[in-house]
Amino acid sequence: MVDDRKNGNWQQMEECVQWIEKYIGCEVYFIHHEHPENGFVEFRNGGHIIYIFGDQNQMDFRLFLDILAHEAGHVLYNQRQFAKGLTYEEIIHRTKAKLQCFDQLLAQKIITSDEYSRLYAAIEEEWESNYEKENILSKMKDFLNDL
3 MVDDRKNGNW QQMEECVQWI EKYIGCEVYF IHHEHPENGF VEFRNGGHII
53 YIFGDQNQMD FRLFLDILAH EAGHVLYNQR QFAKGLTYEE IIHRTKAKLQ
103 CFDQLLAQKI ITSDEYSRLY AAIEEEWESN YEKENILSKM KDFLNDL
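Using the working numbering, you'd call the opening residue of the sequence shown number 3 and step up by one each time.
Shown next, in the form of C-alpha coordinates:
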(Lines of atoms letter the chains of each structure in order from A; the text may use other names.)
(Lines give C-alpha, C1' and ligand atoms only; values in the text may rest on other atoms or scores of the structure.)
Protein backbone atom coordinates (compact mmCIF):
# COMPACT_ATOMS: atom_id res chain seq x y z
CA MET A 3 0.00 0.00 0.00
CA VAL A 4 1.03 3.55 -0.56
CA ASP A 5 1.24 5.94 2.38
CA ASP A 6 2.43 9.12 0.77
CA ARG A 7 0.59 11.91 2.52
CA LYS A 8 3.36 14.48 2.04
CA ASN A 9 3.30 13.95 -1.71
CA GLY A 10 0.24 15.74 -3.10
CA ASN A 11 -0.57 12.76 -5.30
CA TRP A 12 -0.77 10.15 -2.52
CA GLN A 13 -4.49 9.61 -3.00
CA GLN A 14 -4.13 9.12 -6.74
CA MET A 15 -1.17 6.81 -6.14
CA GLU A 16 -3.28 4.70 -3.77
CA GLU A 17 -6.16 4.61 -6.26
CA CYS A 18 -3.78 3.48 -9.00
CA VAL A 19 -2.41 0.75 -6.73
CA GLN A 20 -5.93 -0.46 -5.99
CA TRP A 21 -6.81 -0.37 -9.68
CA ILE A 22 -3.71 -2.43 -10.58
CA GLU A 23 -4.42 -4.92 -7.79
CA LYS A 24 -7.93 -5.42 -9.15
CA TYR A 25 -7.09 -5.23 -12.89
CA ILE A 26 -4.02 -7.49 -12.76
CA GLY A 27 -4.87 -9.60 -9.72
CA CYS A 28 -1.81 -9.00 -7.57
CA GLU A 29 -0.64 -7.21 -4.45
CA VAL A 30 1.36 -3.97 -4.52
CA TYR A 31 3.65 -2.69 -1.77
CA PHE A 32 5.61 0.56 -1.60
CA ILE A 33 8.89 0.24 0.27
CA HIS A 34 10.58 3.43 1.40
CA HIS A 35 14.03 3.65 -0.14
CA GLU A 36 15.98 6.82 -0.92
CA HIS A 37 17.46 6.00 -4.34
CA PRO A 38 17.23 4.70 -6.95
CA GLU A 39 13.52 4.37 -7.54
CA ASN A 40 12.75 0.93 -8.91
CA GLY A 41 10.44 -2.03 -8.69
CA PHE A 42 10.31 -5.77 -9.00
CA VAL A 43 7.84 -8.62 -9.06
CA GLU A 44 7.89 -11.91 -7.27
CA PHE A 45 5.53 -14.87 -7.24
CA ARG A 46 4.88 -16.15 -3.75
CA ASN A 47 2.19 -18.39 -2.23
CA GLY A 48 0.33 -18.61 -5.53
CA GLY A 49 0.18 -14.89 -6.24
CA HIS A 50 2.18 -12.04 -7.71
CA ILE A 51 3.51 -9.24 -5.55
CA ILE A 52 4.78 -5.94 -6.94
CA TYR A 53 7.27 -4.02 -4.82
CA ILE A 54 8.00 -0.39 -5.60
CA PHE A 55 11.06 1.21 -4.02
CA GLY A 56 11.34 4.96 -3.62
CA ASP A 57 11.06 7.94 -1.35
CA GLN A 58 7.34 8.21 -0.77
CA ASN A 59 7.62 11.89 0.05
CA GLN A 60 9.58 12.84 -3.05
CA MET A 61 8.79 10.35 -5.81
CA ASP A 62 7.44 11.91 -8.96
CA PHE A 63 3.90 10.73 -9.69
CA ARG A 64 4.66 9.93 -13.33
CA LEU A 65 7.73 7.91 -12.36
CA PHE A 66 5.61 6.01 -9.84
CA LEU A 67 3.04 5.21 -12.55
CA ASP A 68 5.77 4.18 -14.99
CA ILE A 69 7.32 1.75 -12.51
CA LEU A 70 3.93 0.41 -11.41
CA ALA A 71 2.80 -0.17 -15.00
CA HIS A 72 6.10 -1.80 -16.01
CA GLU A 73 6.00 -4.20 -13.08
CA ALA A 74 2.33 -4.96 -13.81
CA GLY A 75 3.51 -5.79 -17.33
CA HIS A 76 5.85 -8.38 -15.81
CA VAL A 77 2.90 -9.90 -13.96
CA LEU A 78 0.93 -10.17 -17.22
CA TYR A 79 3.97 -11.70 -18.94
CA ASN A 80 4.30 -14.28 -16.16
CA GLN A 81 0.59 -15.09 -16.34
CA ARG A 82 0.90 -15.78 -20.09
CA GLN A 83 3.90 -18.01 -19.46
CA PHE A 84 1.98 -19.91 -16.77
CA ALA A 85 -0.81 -20.47 -19.31
CA LYS A 86 1.82 -22.04 -21.60
CA GLY A 87 2.74 -24.46 -18.82
CA LEU A 88 5.90 -22.81 -17.50
CA THR A 89 6.52 -22.51 -13.78
CA TYR A 90 7.77 -19.35 -12.09
CA GLU A 91 11.09 -21.07 -11.45
CA GLU A 92 11.43 -21.85 -15.18
CA ILE A 93 10.67 -18.24 -16.10
CA ILE A 94 13.30 -16.99 -13.63
CA HIS A 95 15.85 -19.55 -14.83
CA ARG A 96 15.38 -18.52 -18.49
CA THR A 97 15.79 -14.84 -17.64
CA LYS A 98 18.87 -15.45 -15.47
CA ALA A 99 20.47 -17.56 -18.22
CA LYS A 100 20.04 -14.73 -20.73
CA LEU A 101 21.44 -12.14 -18.33
CA GLN A 102 24.41 -14.35 -17.45
CA CYS A 103 25.26 -14.54 -21.16
CA PHE A 104 25.06 -10.76 -21.46
CA ASP A 105 27.18 -10.36 -18.31
CA GLN A 106 29.83 -12.69 -19.74
CA LEU A 107 29.91 -10.80 -23.06
CA LEU A 108 30.25 -7.51 -21.18
CA ALA A 109 32.99 -8.86 -18.90
CA GLN A 110 34.94 -10.08 -21.93
CA LYS A 111 34.45 -6.66 -23.56
CA ILE A 112 32.70 -8.25 -26.52
CA ILE A 113 29.80 -5.86 -26.02
CA THR A 114 29.63 -2.36 -24.56
CA SER A 115 27.42 -1.17 -21.71
CA ASP A 116 25.14 0.46 -24.29
CA GLU A 117 24.86 -2.81 -26.21
CA TYR A 118 24.14 -4.62 -22.95
CA SER A 119 21.31 -2.17 -22.24
CA ARG A 120 19.85 -2.67 -25.71
CA LEU A 121 20.08 -6.46 -25.42
CA TYR A 122 18.44 -6.34 -22.00
CA ALA A 123 15.59 -4.19 -23.31
CA ALA A 124 15.12 -6.62 -26.20
CA ILE A 125 14.69 -9.81 -24.20
CA GLU A 126 11.17 -11.15 -24.31
CA GLU A 127 10.49 -10.48 -20.64
CA GLU A 128 11.41 -6.79 -20.83
CA TRP A 129 10.03 -6.14 -24.30
CA GLU A 130 6.62 -7.59 -23.44
CA SER A 131 6.54 -5.84 -20.07
CA ASN A 132 7.25 -2.50 -21.74
CA TYR A 133 4.59 -3.21 -24.36
CA GLU A 134 2.07 -3.98 -21.62
CA LYS A 135 3.22 -0.92 -19.69
CA GLU A 136 2.05 1.35 -22.50
CA ASN A 137 -1.38 -0.34 -22.57
CA ILE A 138 -1.68 -0.15 -18.79
CA LEU A 139 -0.64 3.52 -18.70
CA SER A 140 -3.30 4.31 -21.29
CA LYS A 141 -5.97 2.50 -19.26
CA MET A 142 -4.74 4.10 -16.04
CA LYS A 143 -4.95 7.53 -17.66
CA ASP A 144 -8.59 6.84 -18.55
CA PHE A 145 -9.18 5.58 -15.00
CA LEU A 146 -7.66 8.74 -13.49
CA ASN A 147 -9.70 10.96 -15.81
CA ASP A 148 -12.87 9.21 -14.61
CA LEU A 149 -12.14 10.00 -10.95
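Note that beta-carbon positions come from the ideal geometry of N, C-alpha and C, so glycine has one too. Note that the structure is predicted; figures quoted are calculated from it, not measured.
In the three-state reduction of the DSSP assignment, residue 94 falls in the helix class, which pools H, G and I.
Secondary structure of residue 44 (DSSP, three-state): strand. Under a 10 Å Cβ-count criterion, residue 103 is classified as exposed, with fewer than 16 other Cβ atoms of the shown protein chains found around its own Cβ. CA-to-CA, the gap between residue 85 and residue 49 works out to about 14 Å. Taking every protein chain shown into account, the CB of residue 135 has 16 or more other CB atoms within 10 angstroms, so this residue is buried. In the DSSP assignment, residue 49 falls within the beta strand (DSSP E) that extends over 49–56. In the DSSP assignment, residue 25 falls outside any alpha helix (DSSP H) and carries neither an H nor an E. Residue 55 and residue 35 do touch by the CB rule: their CB atoms are close to 4 Å apart, below 8 Å. Comparing alpha-carbon positions, the option among 80, 114, 82, 40 lying closest to residue 64 turns out to be 40.
Judged by DSSP secondary structure, residue 141 falls within the alpha helix (DSSP H) whose first and last residues are 126–148.
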